[in-house]
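Be aware that the sequence shown starts at 57, since it is given in the working numbering, and climbs by one per residue. Cβ coordinates follow ideal geometry from the N, Cα and C atoms, glycine included. No experiment lies behind these values; they were computed from the predicted model shown.
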Amino acid sequence: MTRAWVRAALLAATPLWACAQGLDFSPAERRSIGAHGPWPVVAAPDTSNRLERDPAAITLGRRLFFDPALSGNGQIACASCHRPAQAFQDGRSTAIGLGPGVRNTQSVLDLAGQRWFGWDGGSDSLWAASLRPLLNPAEMGSSAAQVAARVRHEPLLAGASDEATLANVAKALAAYQATLVSPRTAFDDFRDALARGDAPAAARYPLAAQRGLQLFVGRGRCGFCHAGPRFSNGEFADIGVPFFVAGGVDAGRHAGLRVLQASPFNRLGPHADDGGAGAVATRHVRQEHRQFGEFKVPTLRGLRQTAPYFHDGSAATLAAVLRHYSDLNEERLHADGERILVPLKLSAQETADLLAFLDTLSP
Ligand code: HEC
Ligand code: HEC
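Pasting the structure below:
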């Protein structure tokens with residue numbers, strides 16, 4: 057036997073060793089995978105919030121986030137629904153505050169630098185999104201006057217009117233939330249190893265997760281919407297989750313835009329600290345029929361802690377989410393809906409691989 061032959065025979069007989077090398081990703085796949093990092097991202101500052109990077113405001117914002125006295129009945133804090141130990145959400149299908157909510161509580165991790173907030177994009181800044189639950193009768197049921205009274209001893213937050221003080225409170229809350237970043241994950245280590253050509257480090261990433269990732273950036277076309285380091289393009293889409301709610305429909309983005317445009321706290325309004333300079337998107341966004349039933353593309357980081365899923369909490373598990381994409385009911389996508397989505401008809405193996413991949417996006 058020649059030595060070359062022995063080596064070839066050994067290679068053929070050791071598929072496990074071969075697997076440990078990892079999948080052979082194409083240059084295009086490598087580019088797609090690379091675009092999901094590096095993590096964490098350096099977010100652009102929110103110019104509409106002069107308090108965003110102010111250490112005193114961050115400290116105050118943190119205190120206010122845990123303060124139930126801001127709510128109408130004195131018992132509900134932001135942290136009642138956005139619980140730090142549960143990736144800053146509550147694990148419920150739909151939120152419960154002063155009334156039954158209709159939507160699933162979003163996490164407030166990784167929000168710095170995003171453009172739209174809320175499942176319906178009803179807010180165009182982190183501070184405006186922080187103000188909404190204070191005034192919402194179903195969540196905290198408070199008022200500008202009550203909030204202003206609570207912070208009257210804080211010179212940093214004093215405004216010319218109760219409304220201006222309320223905006224400052226929201227800006228301090230946003231300053232704190234902008235510091236909340238989810239930890240690095242096994243996926244991030246793999247992505248970085250692949251980017252620097254470090255095969256031994258890349259090979260530590262489970263093979264099933266590699267196959268799931270290949271499906272995610274390939275046939276699944278998941279990365280089209282779940283794009284970038286946050287696994288969200290920050291925009292809205294209709295994936296055919298039914299939007300009927302008790303007494304009507306949840307129109308999602310279509311209704312959210314009207315809320316946004318009517319709000320005195322949007323980036324074109326008097327409370328934006330940059331005089332509307334950072335409001336290009338808000339100025340140009342238009343209401344369109346296709347936005348009916350569109351919801352914000354959620355991040356896929358930290359999913360292990362954030363069940364149940366979807367805007368209405370209707371998917372109990374990630375397996376249920378994948379079944380939704382696998383069996384997709386195209387009738388449910390409205391006529392001018394997302395052409396990107398097709399029923400994926402996932403095999404059991406493909407489902408297991410995608411689950412293995414999604415699992416590596418949690419710390
Ligand atoms: C009763 C539960 C509840 C309370 C209390 C609550 N929230 Fe929320 N939060 C939610 C729900 C539900 C959503 C999704 C809102 C929607 O789209 O309708 C949300 C969404 C958000 C978002 C948008 C996140 C994103 O990804 O777009 C931010 C920011 C936020 N909340 C901050 C706060 C702050 C700050 C407070 C305290 C002032 C607070 N929340 C109090 C339940 C709550
Ligand atoms: C057309 C854009 C689009 C594509 C393509 C897409 N998604 Fe989504 N995804 C969304 C939107 C929008 C939601 C929220 C829908 C809702 O709640 O009504 C969502 C929700 C999810 C959720 C639930 C997250 C949560 O916190 O509630 C998971 C998990 C998910 N998608 C994974 C995937 C996977 C895996 C693929 C590929 C097989 C994929 N998505 C393809 C837009 C998309």
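Checklist entry - Which of the three DSSP states, helix, strand or coil, is assigned to Tyr261? => result Looking at Tyr261 - three-state DSSP - the assignment turns out to be coil, as it is neither helix nor strand.
Item to check | Uninterrupted beta strand (DSSP E) stretches inside the stretch 123 to 165 (no shorter than 3 residues) | outcome: Fully enclosed beta strand (DSSP E) runs of no fewer than 3 residues are not present anywhere in the stretch 123 to 165.
Checklist entry - With 16 other CB atoms within 10 Å as the buried threshold, where does Asp80 fall? => result Classification for Asp80: exposed.
Checklist entry - To which residues does DSSP link Gly304 through a beta bridge? => result DSSP links Gly304 through a beta bridge to Val301.
Item to check | Under the three-state DSSP convention, the category Gly393 falls into | outcome: At Gly393, the pLDDT of 48 sits below 50, so the modelled position is not reliable and the matter cannot be decided from this model.
Checklist entry - Out of curiosity, what's the CA-to-CA distance linking Arg357 and Gly308? => result The straight-line gap from Cα to Cα measures roughly 22 Å.
Checklist entry - Thinking C-alpha only, which one of Gly303, Arg395 and Glu350 is nearest Phe292? => result It is Glu350.
Item to check | Contact the stretch 177 to 186 vs the stretch 314 to 333: 3+ CB pairs below 8 Å | outcome: With a cut-off of 8 Å on Cβ pairs, the stretch 177 to 186 is in contact with the stretch 314 to 333, counting three or more such pairs.
Item to check | Backbone secondary structure at Glu386 - three-state DSSP | outcome: Note: Glu386 maps to helix in three-state DSSP.
Checklist entry - So Thr241 and Thr416 are in contact, right, with Cβ under 8 Å, and what is the actual spacing, rounded? => result About 6 Å separates the two Cβ atoms, so the contact holds.
Next on the checklist: Bridge partners for Ala365 per DSSP, in chain order?
Outcome noted: Per the sequence presented here, residue 365 reads as Tyr, with Ala not at that position. As a beta-bridge residue in DSSP terms, Tyr365 pairs with Ala371.
Checklist entry - Going by alpha carbons, who is nearest to Leu269 out of Gln361, Val353 and Leu411? => result Leu269 has its Cα closest to that of Leu411, out of Gln361, Val353 and Leu411.
Checklist entry - Any heavy atom of ligand 2 closer than 6 Å to the Cβ of His367? => result Because some heavy atom of ligand 2 lies under 6 Å away, the Cβ of His367 counts as near it: yes.
Checklist entry - By DSSP, does Ser88 sit in helix, in strand, or in coil? => result Shown here, Ser88 sits in a helix according to DSSP, grouped into three states.
Next on the checklist: Assuming Leu378 and Leu402 are in contact, meaning their beta carbons sit under 8 Å apart, how far apart are those beta carbons, in whole angstroms?
Outcome noted: Contact holds; Cβ gap of about 6 Å.
Next on the checklist: Here's the rule: buried if 16 or more other CB atoms are within 10 angstroms of the residue's CB, otherwise exposed. What is Phe299?
Outcome noted: It counts as buried.
Checklist entry - For Gln83, does the count of other Cβ atoms within 10 angstroms reach 16, so buried, or fall short, so exposed? => result Checking the sequence shown, residue 83 turns out to be Pro, not Gln. Taking all protein chains shown into account, Pro83 has fewer than 16 neighbouring C-beta atoms within 10 Å of its C-beta and is therefore exposed.
Checklist entry - Excluding five sequence neighbours on each side, which residues of the same chain lie with their C-beta closer than 7 Å to the C-beta of Gly177? => result Excluding sequence neighbours, Gly177 sits near Phe292, Arg309, Gly312, Leu313, Leu316 and Lys352.
Checklist entry - First and last residue of the alpha helix (DSSP H) that includes Lys227? => result First-last of the alpha helix (DSSP H) with Lys227: Asp218 to Gln233.
Next on the checklist: Going by DSSP in three states, Ser179 sits in which element: helix, strand or coil?
Outcome noted: In the three-state scheme derived from DSSP, where H, G and I count as helix and E and B as strand, Ser179 is classed as strand.
Next on the checklist: Within 8 Å, do at least three Cβ pairs link the stretch 125 to 144 to the stretch 244 to 261?
Outcome noted: No, the stretch 244 to 261 is not in contact with the stretch 125 to 144.
Next on the checklist: Check this for me: beta carbons of Ala113 and Leu120, under 7 Å apart or not?
Outcome noted: Not in contact: Ala113 and Leu120 (Cβ atoms no closer than 7 Å).
Next on the checklist: Our contact map puts Asn105 next to Ala230 with C-beta atoms below 8 Å; I'd like the distance itself, whole angstroms only.
Outcome noted: Contact between Asn105 and Ala230 holds: their C-beta atoms lie close to 6 Å from each other, under 8 Å.
Checklist entry - Does at least one heavy atom of ligand 1 sit under 6 Å from the Cβ of Gln347? => result Look at Gln347: its beta carbon is at least 6 Å from all of the heavy atoms in ligand 1.
Next on the checklist: Spatial neighbours of His282 within its chain, please: C-beta separation below 7 Å, excluding the five flanking residues on both sides.
Outcome noted: So the qualifying residues of the chain are Ser288, Val353 and Leu356.
Item to check | Unbroken alpha helix (DSSP H) run spanning Leu410, endpoints | outcome: Run containing Leu410: Ala404 to Asp415, per the alpha helix (DSSP H) assignment.
Checklist entry - Rounded C-beta distance between Ala223 and His327? I'm assuming under 8 Å. => result So it is a contact: roughly 4 Å between Cβ atoms.
Checklist entry - Roughly how far, in whole angstroms, is the beta-carbon of Gln361 from the beta-carbon of Ser418, given that I think they are within contact range, below 8 Å? => result Yes, Gln361 and Ser418 are in contact; Cβ-Cβ is about 7 Å, under 8 Å.
Item to check | CA-to-CA distance, Ala404 to Asp102, given in whole angstroms | outcome: Cα-Cα distance, rounded: 44 Å.
Item to check | Supposed close pair Gly117, Ala228 - CB separation, criterion 8 Å | outcome: Taking 8 Å as the upper bound for CB-CB distance, Gly117 and Ala228 are in contact here, some 4 Å apart.
Checklist entry - With 16 other CB atoms within 10 Å as the buried threshold, where does Cys75 fall? => result The pLDDT assigned to Cys75 is 46, lower than 50, so where the model puts this residue is not dependable; a value taken from the coordinates is nonetheless given after this. Answer is exposed; the Cβ neighbour count stays below 16.
Next on the checklist: Going by DSSP in three states, Phe421 sits in which element: helix, strand or coil?
Outcome noted: No information on residue 421 is available, as it lies outside the stretch 57 to 419 that the chain covers here.
Checklist entry - Excluding sequence positions up to five away, which residues of its chain have a Cβ less than 7 Å from the Cβ of Ser163? => result Counting only Cβ-Cβ distances below 7 Å, and skipping sequence neighbours, we find Ala143, Phe144, Gln145, Gly358 and Thr362.
Checklist entry - Within 6 Å: the Cβ of Pro298 and any heavy atom of ligand 2? => result The answer is no for Pro298.
Checklist entry - DSSP state of Pro399, grouped into three classes? => result Of the three classes helix, strand and coil, the one that applies to Pro399 here is coil, per DSSP.
Item to check | Close beta carbons around Ala214, own chain, < 7 Å, minus the five adjacent residues each side | outcome: Contacts found: Thr221.
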